DNA sequence: CATATGACGACAA
DNA sequence: ATTGTCGCCATAT
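See the structure below:
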């Protein structure tokens, strides 16, 4: 059977896959939706261990302040910046305007996610 | 068991 | 806007 960590990562990756093209989400936002409140660093960890970059839109995950997590000028930064631009996300000085591009999942999207902390 | 480490986040100067 | 500190929490050593 899969380890607990594998399941957790899988859930995080699945959540990231739900971010629509042209939108972005913060690490903390992904963590919360995936069912791990305050698990922003776990999202970062899951991304580091991403087995297949092709199947997951990792580049749509940025910091809560709208900054790309990599240092400006690094190859990683350029890759991410380019991918986002291709989707129409405007990046100015390495930052995205969260007020415009932040993913806002509607209730339906949240409901079919297992483990989301809604109150009955 | 004790520290160190992170593709983080919130907040105070 | 920048920088530093502290909180967070699974992994790594």
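In my numbering, the protein residues as written are 19 to 138. Even glycine gets a Cβ: it sits at the ideal position worked out from N, Cα and C. Remember, predicted model here, so these are calculated numbers, not experimental data.
Excluding five sequence positions before and after residue 31, the CB atoms of its chain that fall closer than 8 Å to its own CB belong to 64, 68, 74, given in chain order. Inclusion of residue 101 and residue 42 in the CB contact set at 8 Å is not warranted, their separation being larger than that value. Setting aside the 5 residues that flank it on each side, residue 52 is surrounded in the same chain by 29, 30, 33, each with a C-beta closer than 6 Å to its C-beta; the list follows chain order. Using a Cβ distance threshold of 8 Å, residue 46 and residue 86 do not count as a contacting pair.
Non-local beta-carbon contacts of residue 37 in its own chain, meaning distances under 7 Å to residues more than five positions away in sequence, involve 43, 75, 78, 121 in chain order.
With 16 or more other CB atoms across the displayed protein chains lying within 10 angstroms of its CB, residue 107 is buried. Collapsing the DSSP output to three states places residue 83 in coil. With 16 or more other CB atoms across the displayed protein chains lying within 10 angstroms of its CB, residue 49 is buried. The alpha-carbon of residue 115 is positioned some 6 Å away from that of residue 84. Sequence-distant partners of residue 58 (beyond 5 residues in either direction) whose C-beta falls short of 6 Å from its own C-beta, in its chain, are 45, 46, 49.
Distance check between residue 110 and each of 90, 124, 54, 60 places 90 closest, using alpha-carbon atoms only. Look at residue 44 here: in three-state DSSP terms it is strand.
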